[in-house]
Amino acid sequence: MNRYPLWKYILILVTLVFGILYTLPNFLGESPALQINSGKATVKVDTDLIPKVEAVLKQGGVPATGINFDYSGTQSVIRARFADTDTQFKAKAILEQGLNTDQTDPIYTVSFSNLPNTPKWMQKLHALPMVLGLDLQGGAHFLLKVDTEAVLKNKLAAVQATARSILKDKEIKTAGISRDASAVTIKFRDVETRVRARELLSRQMNELNITDVVAVAGETDIVLQLSVKPEALVTLQNEGVKQNIEALSKRIAGIGVTEPLIQQQGPDRIVVQLPGVQDVAQAKSIIGRTATLEVRLVDESVIGPIDENTTVPFGSEMFKVGRGGPAILYKDPVVTGDAIIGAAATLDENQQPAVSIDLNSEGGRRMGEATRVNVGKRMAFVLFEKGKGELLQVATIQGHFSNKFRTNGMRTSGEAAELALLLRSGALAAPMEVIEERTIGPQLGKENIRKGIHSTMYGFAAIAVFMIIYYMMFGFFSVTALAVNLLLLVGILSTLQATLTLPGMAAIALALGMAIDANVLINERIREELRAGANPQHAILQGFDRAWATILDSNVTTLIVGLALWAFGSGPIKAFAIVHCLGILTSIFSAVFVSRGVVNLWYGRQKKLTSVSIGQIWKPTEDVVAK
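Here it is, written out as structure tokens:
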């Protein structure tokens, strides 16, 4: 009657092995380490850097317990492991000085990190410790304010360039195009030309308010004013903030920061949380690191060799750094990084590394116009990073092209892949200002972890004592199922690499209380059957079967609330909801399936079972009168 088939016990055993295997890494701890990344888009980290790192550490008298190279497919890093944090701090200063000749413009960045002590065979099975949030691991917190006025400024600059191009294509002459902080102004020589221009621009630029400016007394200018519609401006600013979030996400993800939090707060603010980052200055550098490509025409008016003493014409500027330099380029770019919609590493016709770049329609139109009238002239590709421009390539325009083109001159395929990644991440839509910054030390995080573990363990112990005293042997079975539930929950969180925060630890403690509630229902149903006179085996069967519907209903309704918190919440609320929902699922499995398996194993094979150890069964006396 109360017997499990062999496959169910095998399933329980496999579940236990899974829980132990994926929970164990959380107790093996981590070692302090340093992570070495490229500080420039044109510099690649590879295995050739390892001997240099070893030499710098040896020269500084700082031993490393291990140095390894890691390539994730998008970002290559070198990680050095150390015995303690003191050695880690010393090594950081030594590596920063030894690897970078210019400290103001570092070639490599060195940041603090932690590496799990999990054995290699467990790491191959993806058995890793849970990811800890900012409040448990420590790290850096930033509140950034996006300069939305700069978004409008950039938009108006694009409007000015687009309007000039549209009018030029239709051969509509103007007396000048200028812009200020809020609008673009176009002057004409007659009213008829203004009417034609207004009709043309209204059809092609519907996000703008296009109005005639009434001439003031004494002025003869015939003026058309272009301004961004209020609703379009709001959309533009929101998109600008989202573009900044996307660029930050890709940049931070590429350097190995574990589970960063980057989200919008209000109309113009962004919250950035970097768990595990203790160097605030380094974190700021990471946040501010963006790169974009500009395509510019070479100023052909400069004749002869170019050096430091060459006079730079008005409207042009000199670039000295990079291949093909020095070169004098026009300040106005043909296209900028905001026109790039795709970038991929490829090979040119000579099987040399290159980067294929796709432009949007507006960028393709500008590129088409520039190449059509400048065949035979030179064009330069300039990569801007941290406000500094570096020449990637200076090439002669061989023919007309528009939406798709290719830049050559990459030394290796890895360099081409890194440049493609950097271009895909895009540029910031607007500059940002750090208005709040906080650092949470690792010691505070350890204290939070200790308190969270103690609260969970003390709660578990209190529940275990109560259940064993009140339900005797069935209380022991319930505690066993509760332990399996806790083991599975931690194992699943580790497998999913979900971020554990303080609210998440609170959800674990709450899951224990909810899980034991199911066992209380089962035990009380068994008591009711025994009280009604059923034999022990039948009481166990009916107790589990009849309690199942109640357990399912209560957990499903609670799960609905948890899913709502997960869907609509953010930050700590979402972290709580994830653990809460997983705890409900594991509690159903452990309270019903595992608990019954243990009961069947203990009592199920006893053919003549006369009693069970389930505590005091209170039976009503016969002389009680119903009222």
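Counting in this note's numbering, the sequence shown runs from 2 upward without gaps. Glycine included, each C-beta is placed from N, C-alpha and C at the ideal position. Because the structure is a prediction, the values reported are computed rather than measured.
Minimum length 4: unbroken alpha helix (DSSP H) runs contained in the segment 300 to 384: Qualifying alpha helix (DSSP H) stretches, in chain order: 362 to 374.
Same chain only: Cβ atoms within 8 Å of G400, ignoring 5 sequence neighbours per side: Hits under 8 Å: T372, V376.
Opening and closing residue of the beta strand (DSSP E) in which L225 lies: Start and end: 223 to 229.
Cα-Cα separation between I13 and V595, rounded to whole angstroms: Going by the C-alpha atoms only, they are around 7 Å apart.
Inter-residue Cα distance where the pair is N353 and T408: Per the sequence presented here, residue 353 reads as Gln, with Asn not at that position. The alpha-carbon of Q353 is positioned some 11 Å away from that of T408.
Cβ contact check for the segment 197 to 208 and the segment 117 to 124: 3 or more pairs under 8 Å: The answer is no - the segment 117 to 124 does not touch the segment 197 to 208, with fewer than three Cβ pairs under 8 Å.
Cβ-Cβ distance between V78 and V46 below 8 Å: In this structure, V78 places its C-beta atom within 8 Å of the C-beta atom of V46.
A576 versus T559, I618, Q498, residue with shortest Cα-Cα distance: Looking at T559, I618, Q498, the one whose alpha-carbon comes closest to that of A576 is Q498.
V356, buried or exposed, once every other Cβ within 10 Å from all chains shown has been counted against 16: Buried is the call here.
Limits of the unbroken alpha helix (DSSP H) element including Q161: For Q161, the enclosing alpha helix (DSSP H) begins and ends at 149 to 170.
Check whether K378 and I398 have beta carbons under 8 Å apart: In contact: K378 and I398 (Cβ atoms closer than 8 Å).
L262 versus V272 - alpha carbon distance: So the two alpha carbons sit approximately 7 Å from each other.
CA-to-CA distance, A151 to G177, given in whole angstroms: If you take the alpha carbons of G177 and A151, they lie about 24 Å apart.
Bridge partner(s) assigned by DSSP for T397: T397 pairs with R379.
Alpha-carbon spacing of T16 relative to T24, whole angstroms: If you take the alpha carbons of T16 and T24, they lie about 12 Å apart.
Outcome for H581 when other beta-carbon atoms lying within 10 angstroms are tallied against a minimum of 16: In this structure H581 is buried. Its beta-carbon is surrounded by 16 or more other beta-carbon atoms within 10 angstroms.
Whole-number beta carbon distance between L100 and V44, since they are thought to touch under 8 Å: In this structure, V44 and L100 do not form a Cβ contact; the two beta carbons are roughly 11 Å apart against a cut-off of 8 Å.
D191 beta carbon less than 8 Å from that of I223: Yes, the pair counts as a contact, with Cβ atoms nearer than the cut-off.
Alpha carbon of P573 to alpha carbon of L566, nearest angstrom: Take the alpha-carbon of P573 and the one of L566: they are about 10 Å apart.
N3 to P537 span [Cα, whole Å]: Going from the Cα of N3 to the Cα of P537 covers about 10 Å.
Span separating the alpha-carbon of H127 from that of F70: The alpha-carbon atoms of H127 and F70 are separated by roughly 18 Å.
Three-state class that DSSP yields for M433 in the structure shown: Three-state result, M433: strand.
G364 to V299 span [Cα, whole Å]: Roughly 19 Å between the two C-alpha positions.
Limits of the beta strand (DSSP E) - the one that G67 falls within: For G67, the enclosing beta strand (DSSP E) stretches over residues 67 to 72.
C-alpha distance - S317 paired with L29, whole-angstrom precision: One alpha carbon belongs to S317, the other to L29, and they sit about 60 Å apart.
S32, DSSP secondary structure in three states: In the structure shown, S32 sits in a strand (DSSP, three-state: E or B).
Under 8 Å between C-beta atoms of E519 and E530: Note on identity: in this sequence residue 519 is Ala, with Glu being the wrong assignment. No, these two residues do not count as a Cβ contact at 8 Å.
Whole-angstrom distance between I517 and V466, CA atom to CA atom: Looking at the two C-alpha atoms, the distance is approximately 12 Å.
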